[in-house]
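Enquirer: This structure is in structure tokens; I'll ask about it shortly.
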Amino acid sequence: ILSYVFIILSAAVLFSISISIFLTLRDFLPNVIAGFYLFRRFEPGTKVRIGNSSGEIIRMDLFSIILKTEDEDMLYVPNSLATKSVLIVQAKK
Numbered sequence: 005i006l007s008y009v010f011i012i013l014s015a016a017v018l019f020s021i022s023i024s025i026f027l028t029l030r031d032f033l034p035n036v037i038a039g040f041y042l043f044r045r046f047e048p049g050t051k052v053r054i055g056n057s058s059g060e061i062i063r064m065d066l067f068s069i070i071l072k073t074e075d076e077d078m079l080y081v082p083n084s085l086a087t088k089s090v091l092i093v094q095a096k097k
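Everything in the sequence shown is counted per the numbering used here, starting at 5 for the first residue and increasing by one.
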């Protein structure tokens, strides 16, 4: 009987660990994949509009794009949001 209790408890612990890993990676992986996609297409200094926000790309990493707006504000856009939104490269004037 103790072996059945041990097996059930072990299964419950493994299930809990699996769920927590899944919930952690659910947001992490799309941002990393989108980061690789965006790295090849854009570089710092490019002026873009992502959804309703626009600015100059200051920095890009695996998780986000940092834009500097016309008001000198810094805007952090998750990479997964950038790939799901309309992303427009603004022409140089």
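Note that beta-carbon positions come from the ideal geometry of N, C-alpha and C, so glycine has one too.
With 16 other CB atoms within 10 Å as the buried threshold, where does glycine 59 fall?
Expert: The residue is buried, with at least 16 neighbouring Cβ atoms inside 10 Å.
Enquirer: Could you check the C-alpha separation between serine 84 and isoleucine 62 for me, to the nearest Å?
Expert: If you take the alpha carbons of serine 84 and isoleucine 62, they lie about 18 Å apart.
Enquirer: How would you label alanine 86, buried or exposed, when you count the other beta carbons within 10 angstroms and need 16 or more for buried?
Expert: Per the 10 Å Cβ criterion, buried.
Enquirer: Note down the Cα distance separating phenylalanine 40 from alanine 16, rounded to an integer number of angstroms.
Expert: Rounded to whole angstroms, phenylalanine 40 to alanine 16 spans 36 Å at the Cα level.
Enquirer: When burial is assigned at 16 or more other CB atoms within 10 Å of the CB, is alanine 95 buried or exposed?
Expert: Alanine 95 should be labelled exposed.
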